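Residue numbers (the working numbering), protein chains in the order written: chain A, 472 to 1138; chain B, 123 to 435.
Cβ coordinates follow ideal geometry from the N, Cα and C atoms, glycine included.
As the structure is a prediction and not an experimental result, all values here were calculated from the model.
Let me begin by presenting the structure, written as structure tokens, before commenting on it.
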């Protein structure tokens, strides 16, 4: 019996000795005092291949490894400012005449030639794919190589359509390679493309020839699809580039552990980029110019922790082990006070709140080809206008986005050229009375179809399968049914729904669009007739007046003339009412007190090179916030020990009990 | 015995074919290849050309019969190919994920079995006393709590309030213990209620047997009766209820791994279903079937090994 007691005692002692070794710090000792950013990812990126990756989460990694000709100014907004990144000078745009065959006749057409020159002395990161493992110098050929790679049919590049129909000879090149891949030959990157030219005299200069003026090309030269890529790396790693990287940016990929973490480290070959010295009014006061002029990047490493569960990520943030966290429905109560300010708990911790405005639009689309809600007659217009007037954006923002977001009046989001803060869409001011009147004029007084005597029915196709989705649908139904109309909700699985939308088998759907680049063309093209389904024009809206103006404005530079055309397009589309504009998203983001230079950018995702961290402060506060509490463990151990003493007594008693005395332990 | 095992393995073949056939048709019934392609292409609006290319590259443009033939032959050669969604070789993913999954699951398994048997023996020893009553009450209480509550509660108590262990994360080597402790404790406690109730019944079944009374009559001490005689015989049903879980230890636990950020295989199948990654789904379903069949064979073998009354013919 003494053995049992001493065993228990030993166990107790072991627990007590092990306790001081316990800590909830998930990082190696001392690491958090270093200049390293800790970010969270909800899941592994699908790919970090710069020619394939397309999501914002991926871009936050990819854009730090693969820089482009241009970048967005980190601090300036409204309008967004492009700066030279790899580029040595602003590209030269010149008219360019080319011959094309139209209806069997050869015609001269006016296109555009862009001449780009990149900086000298930029080097790829060191990697075994290069001779001696030393990164070689980046030349213009490496950028054109990326263009050619986009059209490799084995590389599913999501933005190929931006280039395919505009670069001279590019369609030929893609067709040639499609044919080759069909015959199981690899893509041929040497096949000549008239529109992609190197300068025979200068290895840093390249030209892009377009079949039409296309000012948006400068924005495309900020997207990682146009980063210089080393053919050595592509040839050696191929599809592995989805989880491996060879770039020339401020960071290099140093560790990729699936479902666990991704670590970027400072690229020793990178130099010559500095923190901006000027910003917007208020930036200096907000401390955003403290590091002005310092060489980038400001941290040595960025660790992306893959945290699938929001609860886990949020608790790690509260403990100080994550530098930032989003605000969602789950933690909103804890983060915000009733007055819409940061809560007392957060303020005590020194947590900072950032408002992130997205360049996007959320909307409902009518199917313009539908015999009931589509069409361009005055009655059909009035029907759509009536429904538009019955829908109030504010409840959607309040109930489903915690009051964050801006009601949309038209398609262009704030911050982009053409956005007019004073504009009020006449059919987006909630007015049930006017809506009912328009509905009557459309031929459905009180929502009744006089021909049949039945209630008019609107079919709403959606993907609401969860509780929040059904609540959303409930609100839509309630708002529209106030008109006397009946709304029939049809919920589908995501891909079935997408299929129906692409095939035009719907009446009314909800949709959204995020900017690829901050040019109004990237929004107004959503209503351009020739872009109709399965293109991005989901409603199939096709008004020649609108189309004509779109073709004019898309190749114009920003200015009063372009603005006038955009306004005209607005008036045309608002009157036709193919969409009901709901809102432009906003989201809240929290950062720890030790994280500096945080200013969310709606489009650029390269903030990792500008942000800096006070490691000493982080380590101090982490230690302060996470002092282990030992007494419950000691108390539990003591309780178990004390509790076992009477048990030991029972055992002893039973062992030494005389057989005659009781009925025995057999029951 | 060997003949028996071979026969059981041969029985497995039609089962595997059947399961693969079912997976194949269920998947095609739920999603068309075009939908799979769209889901796995990253563009906002993939063009029909891009979708067609994707289908051709992944072999989804071939006739169904040919696809199925390829599907079955590849699976039986254990050639799983690449994931449709990420293009990562599936074996590579399984290889990197099986380690952490096995580490956590096997620790929970071993620590759990030891704890459950000890506690069950203790409860059985004190049967009919306040220890037994309270034990029963606690076990039923533990059984009534949903698994996810253990996880969130454990994270909250041990990670957030007491601050003994990291909430999430994983590192190999010497630092692994730090990340393994919390999921292990939670894994063991969450299974405690059910297992102790079950094992207690197994033990009590034995304790009333004639040989126990004989042993006591001969003056064998209560501990010796319990550990030497009762435990040995009670271990037969315990074994059968646990051995079949062993092969499954490699496949990981969905909830535990996603909450603790453990890079295992637990979420692989669910993620693949959500992203319509048929290549991974068919591989994981096949492996899962294989592992389950192996589990049953192992159970039979262990039964024959520990119980001399059982012969495998």
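Roughly how many angstroms separate the alpha carbons of residue i and residue j, rounded to a whole number?
i              : j              : result
residue 1137/A : residue 333/B  : Residue placement at residue 1137/A cannot be trusted, given a pLDDT of 44 that sits under 50; what the coordinates show is reported in the next sentence. Answer to the nearest angstrom: the Cα atoms are 12 Å apart.
residue 262/B  : residue 769/A  : 56 Å
residue 561/A  : residue 1088/A : 42 Å
residue 609/A  : residue 309/B  : 53 Å
residue 284/B  : residue 1099/A : 5 Å
residue 568/A  : residue 612/A  : 24 Å
residue 442/B  : residue 403/B  : Residue 442/B is absent from the model: chain B starts at 123 and stops at 435.
residue 668/A  : residue 690/A  : 20 Å
residue 725/A  : residue 718/A  : 12 Å
residue 767/A  : residue 618/A  : 27 Å
residue 254/B  : residue 1123/A : 18 Å
residue 192/B  : residue 835/A  : 44 Å
residue 751/A  : residue 380/B  : 41 Å
residue 864/A  : residue 895/A  : 13 Å
residue 365/B  : residue 421/B  : 6 Å
residue 636/A  : residue 739/A  : 39 Å
residue 302/B  : residue 274/B  : 16 Å
residue 1015/A : residue 1031/A : 23 Å
residue 529/A  : residue 1039/A : 37 Å
residue 375/B  : residue 224/B  : 10 Å
residue 138/B  : residue 127/B  : 16 Å
Is residue i helix, strand or coil when you go by DSSP?
i              : result
residue 429/B  : coil
residue 422/B  : helix
residue 518/A  : coil
residue 375/B  : coil
residue 647/A  : helix
residue 554/A  : strand
residue 595/A  : coil
residue 766/A  : strand
residue 748/A  : coil
residue 285/B  : coil
residue 1133/A : Annotation note: pLDDT 49 at residue 1133/A (below 50); position unreliable, coordinate value reported separately. DSSP places residue 1133/A in coil when its eight states are reduced to three.
residue 1001/A : helix
residue 141/B  : helix
residue 933/A  : strand
residue 472/A  : With a pLDDT of 49 at residue 472/A, under the threshold of 50, the predicted position of this residue should be treated as unreliable, though the coordinate-derived value follows. Coil.
residue 222/B  : helix
residue 1138/A : Any answer about residue 1138/A is weak, because its pLDDT of 42 lies below 50 and its placement is not dependable; what the coordinates show is given next. In the structure shown, residue 1138/A sits in coil (DSSP, three-state: anything other than H, G, I, E or B).
residue 827/A  : strand
residue 413/B  : helix
residue 964/A  : coil
residue 621/A  : helix
Note down, in chain order, every chain A residue with its Cβ under 8 Å from the Cβ of residue i.
i             : result
residue 286/B : 490, 493, 494, 495, 1099 and 1104
Give the interface partners of residue i over in chain A, defined as CB-CB distance under 9 Å, in chain order.
i             : result
residue 282/B : 495, 786, 789 and 790
Which whole-angstrom value is the C-beta distance of residue i and residue j, which I expect to be below 8 Å?
i              : j              : result
residue 318/B  : residue 238/B  : 6 Å
residue 616/A  : residue 1074/A : The Cβ separation is near 25 Å, so there is no contact.
residue 984/A  : residue 977/A  : Not quite, the Cβ-Cβ distance comes to about 17 Å (not below 8 Å), so this is no contact.
residue 1011/A : residue 1020/A : That pair is no contact at about 18 Å.
residue 1141/A : residue 532/A  : Nothing about residue 1141/A can be reported from this structure: the residues present for chain A run from 472 to 1138 only.
residue 582/A  : residue 639/A  : 7 Å
Is the beta carbon of residue i within less than 7 Å of some heavy atom of the ligand SAM?
i             : result
residue 367/B : As for the ligand SAM, it is missing from this structure, which has no ligand bound.
Using the beta-carbon of each residue, which ones in chain A are nearer than 7 Å to residue i?
i             : result
residue 385/B : 728, 729, 730 and 731
residue 218/B : 729
residue 324/B : Chain A residues near residue 324/B: none, gap ~17 Å exceeds 7 Å.
Can you list the residues of chain B that residue i reaches, using a CB-CB cut of under 7 Å?
i             : result
residue 782/A : 274
residue 777/A : 383
Going along chain B in order, which residues have a C-beta closer than 9 Å to the C-beta of residue i?
i              : result
residue 1163/A : No answer is possible for residue 1163/A: the residues shown for chain A start at 472 and end at 1138.
Review point. Quick one: any contact between the segment 1017–1028 of chain A and the segment 673–686 of chain A, if contact means 3 or more CB pairs under 8 Å?
Key: At 8 Å Cβ cutoff, the stretches touch.
Check your understanding: Would you call the segment 1050–1067 of chain A and the segment 860–879 of chain A touching, i.e. three or more CB-CB distances under 8 Å?
Key -> yes
Exercise for review: Report yes or no: do three or more beta-carbon pairs, one from the segment 288–295 of chain B and one from the segment 383–396 of chain B, lie closer than 8 Å?
Suggested key: Three or more beta-carbon pairs separated by less than 8 Å link the segment 288–295 of chain B to the segment 383–396 of chain B, which places the two stretches in contact.
Check your understanding: Pairing CB atoms from the segment 339–359 of chain B with CB atoms from the segment 179–194 of chain B, are three or more of them under 8 Å?
Key -> no
Exercise for review: Tell me, please, whether the segment 691–707 of chain A touches the segment 494–509 of chain A by the rule of three or more beta-carbon pairs shorter than 8 Å.
Suggested key: Contact between the segment 691–707 of chain A and the segment 494–509 of chain A is absent: fewer than 3 CB-CB pairs across the two stretches fall below 8 Å.
Review point. Does the segment 753–767 of chain A come within contact of the segment 782–796 of chain A, defined as at least 3 CB pairs closer than 8 Å?
Key: no
Review point. How about the segment 891–906 of chain A and the segment 933–945 of chain A: do they share at least three Cβ pairs that are nearer than 8 Å?
Key: no
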